[in-house]
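Number of protein chains: 6
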Amino acid sequence: MTTEFKSPSKPNRYAPRFTQVATFLRAPLAETLDDVDIGLVGVPYDGGLTNRPGARHGPREVRNESSLMRMINHTSRLNPFELCRIADVGDVPFSEILIIESAMKEIQSFFTQLKAANVLPVSVGGDHSISLPILRSLATSGPVAMIHFDAHTDTWADFQGSKFHHGSPFRWAVEENLIDPKKTIQIGIRGAQNITDGWDYSIEKGMRVVFIEELLECGTQAIVEEARRVVGDSPVYLTFDVDGLDPVYAPGTGTPEIGGFSTAQALAMLKGLRGLNFIGGDVVEISPPFDVSGLTSLAGATILYEIVCLMAEGFGPATTQHTP
Amino acid sequence: MTTEFKSPSKPNRYAPRFTQVATFLRAPLAETLDDVDIGLVGVPYDGGLTNRPGARHGPREVRNESSLMRMINHTSRLNPFELCRIADVGDVPFSEILIIESAMKEIQSFFTQLKAANVLPVSVGGDHSISLPILRSLATSGPVAMIHFDAHTDTWADFQGSKFHHGSPFRWAVEENLIDPKKTIQIGIRGAQNITDGWDYSIEKGMRVVFIEELLECGTQAIVEEARRVVGDSPVYLTFDVDGLDPVYAPGTGTPEIGGFSTAQALAMLKGLRGLNFIGGDVVEISPPFDVSGLTSLAGATILYEIVCLMAEGFGPATTQHTP
Amino acid sequence: MTTEFKSPSKPNRYAPRFTQVATFLRAPLAETLDDVDIGLVGVPYDGGLTNRPGARHGPREVRNESSLMRMINHTSRLNPFELCRIADVGDVPFSEILIIESAMKEIQSFFTQLKAANVLPVSVGGDHSISLPILRSLATSGPVAMIHFDAHTDTWADFQGSKFHHGSPFRWAVEENLIDPKKTIQIGIRGAQNITDGWDYSIEKGMRVVFIEELLECGTQAIVEEARRVVGDSPVYLTFDVDGLDPVYAPGTGTPEIGGFSTAQALAMLKGLRGLNFIGGDVVEISPPFDVSGLTSLAGATILYEIVCLMAEGFGPATTQHTP
Amino acid sequence: MTTEFKSPSKPNRYAPRFTQVATFLRAPLAETLDDVDIGLVGVPYDGGLTNRPGARHGPREVRNESSLMRMINHTSRLNPFELCRIADVGDVPFSEILIIESAMKEIQSFFTQLKAANVLPVSVGGDHSISLPILRSLATSGPVAMIHFDAHTDTWADFQGSKFHHGSPFRWAVEENLIDPKKTIQIGIRGAQNITDGWDYSIEKGMRVVFIEELLECGTQAIVEEARRVVGDSPVYLTFDVDGLDPVYAPGTGTPEIGGFSTAQALAMLKGLRGLNFIGGDVVEISPPFDVSGLTSLAGATILYEIVCLMAEGFGPATTQHTP
Amino acid sequence: MTTEFKSPSKPNRYAPRFTQVATFLRAPLAETLDDVDIGLVGVPYDGGLTNRPGARHGPREVRNESSLMRMINHTSRLNPFELCRIADVGDVPFSEILIIESAMKEIQSFFTQLKAANVLPVSVGGDHSISLPILRSLATSGPVAMIHFDAHTDTWADFQGSKFHHGSPFRWAVEENLIDPKKTIQIGIRGAQNITDGWDYSIEKGMRVVFIEELLECGTQAIVEEARRVVGDSPVYLTFDVDGLDPVYAPGTGTPEIGGFSTAQALAMLKGLRGLNFIGGDVVEISPPFDVSGLTSLAGATILYEIVCLMAEGFGPATTQHTP
Amino acid sequence: MTTEFKSPSKPNRYAPRFTQVATFLRAPLAETLDDVDIGLVGVPYDGGLTNRPGARHGPREVRNESSLMRMINHTSRLNPFELCRIADVGDVPFSEILIIESAMKEIQSFFTQLKAANVLPVSVGGDHSISLPILRSLATSGPVAMIHFDAHTDTWADFQGSKFHHGSPFRWAVEENLIDPKKTIQIGIRGAQNITDGWDYSIEKGMRVVFIEELLECGTQAIVEEARRVVGDSPVYLTFDVDGLDPVYAPGTGTPEIGGFSTAQALAMLKGLRGLNFIGGDVVEISPPFDVSGLTSLAGATILYEIVCLMAEGFGPATTQHTP
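Top line first, the protein sequences correspond to chains A, B, C, D, E and F. Throughout, the working numbering is defined as the position within the first sequence, counted from one, plus 80. Throughout, the working numbering is defined as the position within the second sequence, counted from one, plus 80. Throughout, the working numbering is defined as the position within the third sequence, counted from one, plus 80. Throughout, the working numbering is defined as the position within the fourth sequence, counted from one, plus 80. Throughout, the working numbering is defined as the position within the fifth sequence, counted from one, plus 80. Throughout, the working numbering is defined as the position within the sixth sequence, counted from one, plus 80.
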């Protein structure tokens, strides 16, 4: 007998928010990749952290806090779920997660599979080391532009025996010709360092480094304009490390630095980036064990939603296809 | 034998703050309503919530954090407790709290009793559904003006089988002619929605809806002026949903939305409303189980104090009576 | 193009535990009810609570802590997932959750659907009021036996205007002839009461009431034997209110009573019930907002697993069918 | 006009538990001492602590958790509130709380006032130094017997410049002839010490010192019998330091020592002391800032209730007066 | 045999941050005072608190969060550890900590020892009462200037029997001619008071009192200029009470007042004070038991670092000596 | 000038507990290894975890909670600090911590250095993978006996690409001939598993595996006797995984399993092992980010103390040397 049972893998966004299996933005779980335009991906990897751990639990808790997410953006009045097909495609499956080089390859492999299926990825980390294998899978036709929110430039070199860690992804992304440093902007940089190598590398390679003082003095509108100028109409990757936010907005992170920007400022900047040619994005470094009352995961879920809105617009009525 | 015992129902505001039975703003507990000008009321009802529960514990924790409250306002230098008689009149007594329609009636009945005794109420919720029965008891001579701080317009329609819930009070307040939408301003609105019905209703009825972007761009002074313009010298009700604040200032709430205003901005706006003809007020949606370190309850207690200051001025030396 | 993508609705139990979408016991999400023997059900309803809320978030957090669950029972060495087909069938879908009588009907309706599909339900609450509609759906062929772990008899009468609440389900279950009080045992009862009505009702109707002192004095083995004697070989429902546990083992609950039994004692009792004719079970009253470090949800997930083990044995090699 | 308003200083024990102003055991607040048999007193003093602070907040939080308390004892079936008149008489009023010697005098003075009014006190601390001034007010007719639950003997000498601190009250109580060491039993002693002076003092003076190993080996029944033997029918004071409990039952305390007794064992011992000639009691060292989910305050409230039950029996039908 | 063992009292700043014994700013522990220019001192005293306790645990937790600190300032690009010799000189040793007057003398004595050894102190409290004995040890050649961040003026008189408490240090510092009120600026003042005595005292004595409204309206740059004007080139002491920060940035404190300044604003002000003639500084009122996720201690550690940077510049290449 | 300054690297055990730099058991920090009999070592490594992270923060927090530790054991009345020279020798210094094989070697190298200096190590982890390199450094003269408290046998094989992880150390210790399985006892084993390989390995190799049911049924005394029988007078290593404790006693751990033993039972077992020939010990798997109110770290610190007591007795008056 077949009953009219509704599978829990197809969440109902109008149901009470505390009900149902938790998926990213309450999107359905993908059964295949065939009918997915934007894939929401969890990358529960934190083997690249150098301080407080826990980002491995980030995807789980962002899914949880996603219950608070709804569909129609209050500023653009657009509903991304009407513009394109969005699904939770699950977490990167790992089989050698304890070996950092293997984990990097497994991440790259999963995103290569998404790209082959023509799925644009928006990811939830995981530590920032995951952005390198993601970029390796996406930037196969030459370096892309990048908009990077963070307290740190993440362009440092080796640490504690490993080339790969959460402070180095964008140094190797430059070296491997995955991102164009001259089309890269880093926003929110701050905090003391033991050496200046990372700051120096970013600047010497031509990245536009916006230290926090510049942002607080000039305001979000000026930074938005600068970001648009830097990336132009190139394919662009957006990466958002939640430690760019002040620690009160993101206590659940591994390397907090006081004096950051607020979620209101983050939203103002993200909302200012409409119309760019996004090929993917991520929000990383959410560490639930250090979070309080879900604040960081809720911020992460909302940033995820705003990135999805930016990318979904490319699928709008007037747009019949996207070519990243 | 009668000793010189001082009853614990008469707290001493100069005692160490962590001592004594907790009452709102360390006010005495009312023995009768005869000698009360402003009554501080707890409404521990959260049956109208649609997401995270716990607002039932709001009055209890605001009383606790009230220990940190003192008397003389640092900006106005007024002491409301010298201007009029202020008492904690206890919580609304419920006998059918599990039935939402009955609970609504029990709330209304208690506030009608206060009004009959000529007591101006300032309430601590509880969820936002409580404002409807309060308004039903107060607005008996025609619709009143309203100043409303919130992330949501709370003018949505039925939800999950009930007309009454924390997202609908002001729709029914308009429909029942309790508030005049053209003399109503809603401040801090934001966050995605699944349908636009609430936003549309507020605007179509003529409410002045201040989305958060307008507040952050124009500043609190401009919004204060707009609020004063909207309500004029009409009798006005002030309702403050703590989710209007950014979640870092009010993590203990049911439907947090990132990117809100700060407590500093809230205080600037409240302090700008001196001299209006307030007939009552409330602070709602404080959910202690989701709070951290008492932050939300402390914010609630301070907002309660500022509302009381606004209302007590109507009892000042030059003012011999108030006519709501 | 069809890739070899593995849907996130089919969790891999060998994957790192912090990865993947959270389902009960890491079971797959049911697409239909056709191939399910035991259905794991969430009932996120807490409108029947009389004190601290939050049980609505129970299913979500038990799914989360389920990541720690594995398959082979260390005492029986049985793997329930090999004995029968077990799936997470999602949460009861509600459309009138704010009205307690309607919610009761919606719960009953979902379980009736499961029964029609020949699925044995094991549920995660939610408050204890949910057991009544579950029993209404299951006990359609006459009253069943019941083993009930709890600090309270839950046989009280009306409260605050409602017949239905978390303190009354088993009074109405007796009155409606759903359970046979003479084949019912209540284990762990304790804590002061304002009236003795509930205690009296249970005893007068013939339930075997095991106050905590008896359990602590006689030991778990004696109680197991008594329980087996009481229920005999009747079809039996098992209901586990986590407030039967001492509050240190289950701080996340609505009406904690100190001096309860431990998880070790709970496991000893549950493991002693092998071979009974279970027709369903539930674990209820887990309130994550009051929990610490996931302790209560982890206990709930493990109790869920043990109940599933008890029921799966009925599907073992020697057993070709079950007839509840 | 006088309305039929019910003052919040008279809580209704049948009201929903999360409502109303918080008082000890939901007892009414005393207006005078004239009609009080047992006075529940808060002593929010923690100036005698040597390690983690916070016991000053103990009375506040025990009042909060008292909402969970009800009236009829499940083992004795007695309702203490029917046996005698019980009221919350508030906190000791302090005017020189920063000076430890002055604070001791202020505590003594308040309890002397209670004694003059023929009110038997049951107190909630505060740190253990408060028991000394309480005993000074009570033991005016010669030394009393004492039953003392604790991890520490609290018979140490001076510490950090002060004779008075939470480790010394019972040394001075012996020296001042307030307690009879030969009629004193200390139960639950454990934990390493830097010197053995306190242990030695207790034993040399003839106290019956029950180290935790003896309790765990012999069981609560044996200890109850020993306690009854030691105190005989002398007037007896009962003092319960929550650090006697294992830290999992009382994490919110200043000097936790692992390996203690459980709340179930504590209740078994307390319930075994019925019929003794109690002249007062206290529960101390509850430090809410270190508590989790209210566990320690809930334990404290329940212990308070059990002590009240023990004392109320002296006012029972067969008993027409008590003479401490 | 002597191995090449590296003592844990010499932390390695390049080691993973979660490793090693915790010292202030990961500085080495002083073996003597001979080779120390700036001494980082813990003053774990909180006997002067009037409300929530816990500041005694401040030094411990600031040492813990100091693991996150690094060396090179991102705005000045200076490394204070290269400019002078900085060491953790431990906590003030107390032998009469329970007697407030004795404790004040013990603090003074330790700082006098530091001054004799020509060590500039930067301290971590403890409550604000500690600044008085520190100033007594430092201002031996006449009154000094002071820059004071706080929500309260701390110029109140006696409280609860004691002249010394955390609300009075700067009244006595003026009376004892330790600070020059005309060269003193107090920044961030706010919150209701029961009497106006402290506000009045500060203003009458000529202190520059910057209420929070002035700071928020004029901006940090204007306040920096005003501070520089007030103190001129006099020897200046910097005292930072974390309750000057908004409670969301410093929840772990004893007397939080909503509506304060942010850490970003605090850093902007501190960084604006370069080149002044600092003779010492402190950061006080960090209460870890009320903190969440280490936010307050992390803010305290970073403020400590910035004060150290300000003071280390006096030891720079062009500067061969300092004369406080 | 040389002052009589007392270095903070030499903590004073009689000082108030919340003061001073935190070291293990308040022992002095070693300047060299020359004068150390027992070295307390931190091993802040958690790269071998398979689930919840955070054990890297274990040494830090055990040092913090060590402030509560004192010297004289209440059962043996011995003071280990008088029997031998005990020092905190710091944390293992890592330079390649991100590469699991390198980290294993770095741990082994540090312990080899200790052994060369004739220092007996007692370690605080870190995850359980650290016991393998410790054993490699200690068991250089043939396999040793082992007493192992844990919920898991930790004799599983490879996981996620690595031979080394926290579930495998004792399989390789057997294979490498470091421990003699026939002289090994594992106590507290429980919890479901996905495969039985680890259980099977332990049993097949001849280890004495005490599942939790046996411990709870037979009592701690019987297990102590069995442990003494198994290890005889061989050199023995003691390893204590805090997840052997029930999760309420050790919530801060990576793979909690409900139904474990209590701290009282743990202490009873440890205290029963006096007089054995211990060559080292460890307490592992303390994960502070998941801890509540320091319970797990306090348990860890006390277990550390008890292990030190066991080992210090070998240095007692009658014993002139130890030969592991």
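Think of the CB as a built atom: it goes at the ideal place given N, C-alpha and C, for glycine as much as any other residue.
*asked:* Which residues does DSSP list as the beta-bridge partners of E:G119?
replied: DSSP output for E:G119 lists E:A167 and E:P201 as bridge partner(s).
*Quick one: Cα of F:L375 to Cα of A:A110, how far?*
Their backbone Cα atoms lie some 42 Å apart in a straight line.
_Nearest residue (CA-CA) to D:G247, options D:D207, D:T382 and D:D371_ = The shortest C-alpha to C-alpha distance from D:G247 to any of D:D207, D:T382 and D:D371 is the one to D:D207.
*At what residue ranges does the stretch 182 to 245 of chain C contain a whole run of the alpha helix (DSSP H), taking only runs of 4 or more?*
Counting whole runs of 4 or more residues, the stretch 182 to 245 of chain C contains the alpha helix (DSSP H) stretches 211 to 218.
_Helix, strand or coil for F:R270? Go by DSSP, reduced to three states._
If DSSP states are grouped into helix, strand and coil, F:R270 belongs with coil.
*What did DSSP end up calling A:T82 once you bin it into helix, strand or coil?*
Bear in mind that a pLDDT of 41 at A:T82, under 50, signals an unreliable position, so the number given afterwards is only what the model happens to contain. Looking at A:T82 - three-state DSSP - the assignment turns out to be coil, as it is neither helix nor strand.
*In whole angstroms, what is the alpha-carbon distance linking A:G480 and A:G394?*
Any property of residue 480 of chain A remains undetermined from this structure, which presents chain A solely from 81 to 404.
*Would E:L378 pass as a contact of A:I338 if the rule is Cβ separation under 8 Å?*
A contact, by the Cβ cut-off of 8 Å.
*Would you identify the three-state DSSP class for E:Q401, choosing helix, strand or coil?*
With a pLDDT of only 41 at E:Q401, under the threshold of 50, the placement of this residue in the model should not be trusted; the figure read from the coordinates follows. In the structure shown, E:Q401 sits in coil (DSSP, three-state: anything other than H, G, I, E or B).
*asked:* Could you give the first and the last residue of the continuous beta strand (DSSP E) run that contains A:N357?
replied: Annotation for A:N357: the continuous beta strand (DSSP E) segment containing it runs N357 to V364.
*Separation of F:P96 from D:T130, as counted between CA atoms*: Their backbone Cα atoms lie some 7 Å apart in a straight line.
*Where the alpha helix (DSSP H) containing E:F291 begins and where it ends*: Note, E:F291: premise wrong, no alpha helix (DSSP H); beta strand (DSSP E) at R288 to F291.
*Could you name the residues of chain D that C:P368 contacts, counting a contact when the two beta carbons are closer than 8 Å?*
Those do not exist, as C:P368 stays about 11 Å from chain D at its closest Cβ, beyond 8 Å.
_Reference D:L347, options D:F191, D:A196, D:I387 and D:A392, closest by Cα_ = Per the Cα distances, D:I387.
*Taking the alpha-carbon positions, what's the C:Y385 to A:N144 distance?*
One C-alpha to the other measures close to 22 Å.
*Residues bridged to A:Y329 (per DSSP)*: Looking at the DSSP assignment, A:Y329 forms no beta bridge with any residue, so it has no partner.
*First and last residue of the beta strand (DSSP E) that includes F:L318?*
Segment P315 to D321, the beta strand (DSSP E) holding F:L318.
*For B:F291 and chain A, any beta-carbon pair shorter than 8 Å?*
Among the CB atoms of chain A, one or more fall inside 8 Å of the CB of B:F291.
_Between A:T276 and chain E, is the shortest Cβ-Cβ distance under 8 Å, so that the two count as touching?_
Output row for A:T276: interface = yes.
*Compare the Cα-Cα distances from A:R136 to each of A:G396, A:I383 and A:E365 and report the closest residue.*
For the residues A:G396, A:I383 and A:E365, the minimum Cα distance to A:R136 belongs to A:E365.
_Extent of the continuous alpha helix (DSSP H) run through E:V254_ = Counting along the chain, E:V254 sits inside the alpha helix (DSSP H) bounded by residues P249 to E255.
*Say yes only if the C-beta of F:A307 is nearer than 7 Å to one or more non-hydrogen atoms of the ligand ATP, and no if none qualify.*
Of the ligands one can find in the structure shown there are none, so the ligand ATP has no counterpart to examine.
*Under the rule that 16 or more other beta-carbon atoms within 10 Å means buried, what is A:Q188, buried or exposed?*
Classification of A:Q188: buried, given that the 10 Å Cβ count is 16 or more.
*Below 8 Å between beta carbons: does that hold for B:F239 and B:H232?*
In this structure, B:H232 does not lie closer than 8 Å to B:F239 by Cβ.
*Rounded to a whole number of angstroms, what is the C-alpha to C-alpha distance between D:G334 and E:L178?*
So the two alpha carbons sit approximately 16 Å from each other.
*Nearest chain C C-beta to F:N144 closer than 8 Å, yes or no?*
Contact of F:N144 with chain C is not assigned, every C-beta pair being separated by 8 Å or more.
*Count the C-beta pairs between the stretch 221 to 237 of chain F and the stretch 192 to 199 of chain F that are closer than 8 Å, then say yes if the count reaches three, no if not.*
Between the stretch 221 to 237 of chain F and the stretch 192 to 199 of chain F there are fewer than three inter-stretch CB-CB distances shorter than 8 Å, so the stretches are not counted as touching.
*Looking only at DSSP bridge pairs, what is D:F341 linked to?*
Secondary-structure assignment with DSSP links D:F341 through a beta bridge to D:L325.
_Nonlocal neighbours in the same chain, by C-beta distance under 7 Å from C:D277, ignoring five residues either side_ = Correct list, in chain order: W236 and A237.
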